[in-house]
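Below: one structure, written as structure tokens.
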Amino acid sequence: MQNQEEEQEQEMKWQAQIMDHLCGIVDSVVLKCAIDLNLFDIISSNNHPITLSSLATSPNLVSIKPHNLYRLVRYLVHMNLIAIDVVQGNETFSLTQLSKLLLSDQQRNIVDWALAIIDEPCIHGWHQLSDCCFSPAGMPTPFERIHGKSVWMLAGENDEVNQLINNAMECDTRLVMPAFVECCDNILNGIASILDVGGGGGMAMSYIVKSFPHIKCTTFDLPHVIAASTQFPGVEMVGGDMFERVPPADSILLKFMLHNWQDEECLKILKNCKEAIPKDKGKVIILDIVIDQDKDDDDDVKRAKMNLDIDMMVTSGGRERTAKEWGTLLDLAGFHRHEIVSIIAIQSIIIAYP
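Residue 263 in full-length UniProt numbering sits at position 263 of the sequence shown; the count goes up by one each step and never skips.
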């Protein structure tokens, strides 16, 4: 009898686990809802734990149903994004260390990244994930089937989508570039110029200019991206197409960009980059995810990388790569050697030598 009860209890736990996986989208939409309602900013501005009734009287929450607000906050507590305490019999709520990354006034926040991932233009494609598992190479991604064009074409035609993507990339830049710059003394030694290919609005180069003012820094991207960008002091902005030609420089930076593309497109980009750098001292510096590195021992880091890999499958058709896959790609592009450097970030530095 006891064995039967244990088996039933175990099966119930498995059922709950499957339900948790099936309802995983709830995490995403609850997080987006909390950002849209400015919940984290409101709690932070209170400067001390806040009661539900006080939260509900905030200017942009006055019309919300208190019971629904409580249910939302309760779920955020479950996600470890809000902490709950009881003071004199009243429940109070405060931020956790995790949710401080979601404060809009913090430089190193991931709000824009979160909004890009779960915004309406991107989320529809996830419903067609099973279809793309059977699609031959070169066929449209779920995103492309729904919108009739690639994410890059849509961004070129739609200012809101373009701004959404640019904001997300600048968000990533603020997170990763401090760690990147800390490791750059040796990497950029002897380099007089660096070109950020697919560099968006130029923010990544602004970090290098501040730390290495003697290096000429240029951002290279599509003309509509350059036209919408804000000028950073000391950063030259150049428009063009990386599939046609890459302007010359001592070093090329490819920050979180190659993962957007399949191997065939990556080879075109890498070969153009190789042609743009000097053979004696040139290098291509790739700042991207390496799936099987030692830091993948952390389950959260590993899961984040796997999530982004599936996201690439749905949206752009790209992928996250293992160290072996990076090596194969660089060999095919004609680089005679490369090295991988770990930094305190989701991404790693991959240095390729012609």
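Glycine is no exception: its CB is placed at the ideal position from the N, C-alpha and C atoms.
Assign residue i to one of two classes, buried (16 or more other C-beta atoms within 10 Å of its C-beta) or exposed (fewer than that).
i: His127; result: exposed
i: Arg245; result: exposed
i: Arg319; result: buried
i: Cys217; result: buried
i: His259; result: buried
i: Leu131; result: The sequence given here places Asp at residue 131; Leu does not occur at that position. Exposed, because fewer than 16 other Cβ atoms sit within 10 Å of the Cβ of Asp131.
i: residue 370; result: Residue 370 cannot be examined here, being either before or after the span of the chain that is shown, 1 to 354.
i: Lys274; result: buried
Is residue i helix, strand or coil by DSSP?
i: Arg321; result: strand
i: Asn90; result: strand
i: His67; result: helix
i: Ile25; result: helix
i: Thr173; result: helix
i: Thr328; result: helix
i: Val62; result: coil
i: Arg108; result: coil
i: Ile351; result: strand
Below 6 Å CB to CB, which residues in the same chain sit around residue i once its five sequence neighbours on both sides are set aside?
i: Phe232; result: Gly202, Ser206
i: Ile269; result: Met242
i: Val30; result: Tyr75
i: residue 390; result: A question about residue 390 goes unanswered here, because the residues of the chain that appear run from 1 up to 354.
i: Ser193; result: Lys216, Ala249, Asp250
i: Ala352; result: Val284, Leu330, Phe335, His338
For residue i, collect the residues of the same chain with a Cβ closer than 7 Å to its Cβ; drop the 5 residues on either side in sequence, then sort them by chain order.
i: Glu144; result: Ser150
i: Ile84; result: Val77, Glu91, Phe93
i: Val183; result: In the sequence as displayed, the identity of residue 183 is Cys instead of Val. Around Cys183: Val341, Ile343, Ile349.
i: Glu266; result: The residue you asked about is not Glu; residue 266 is Cys in the sequence shown. Hits under 7 Å: Leu258, Leu329.
Near residue i, which residues of its chain fall below 8 Å by C-beta distance, leaving aside the five closest residues on each side in sequence?
i: Pro66; result: Leu52, Ser53, Ala56
i: Leu129; result: Pro142, Ile310, Met313, Val314
Inter-stretch contact at 8 Å, needing at least 3 Cβ pairs: the stretch 39 to 53 / the stretch 90 to 100: yes
Ranges of the alpha helix (DSSP H) found wholly within the stretch 184 to 260, counting only runs of at least 4: 184 to 187, 203 to 211, 223 to 227
Beta strand (DSSP E) runs wholly inside the stretch 282 to 310, at least 3 long, in chain order: 283 to 288
Meets three-Cβ-pair contact criterion under 8 Å: the stretch 307 to 316 and the stretch 269 to 287: no
Cβ pair count under 8 Å reaching 3, the stretch 164 to 182 against the stretch 106 to 117: yes
Contained alpha helix (DSSP H) runs [length at least 4] in the stretch 100 to 159, N- to C-terminal order: 111 to 118, 120 to 123, 129 to 132, 142 to 147, 151 to 157
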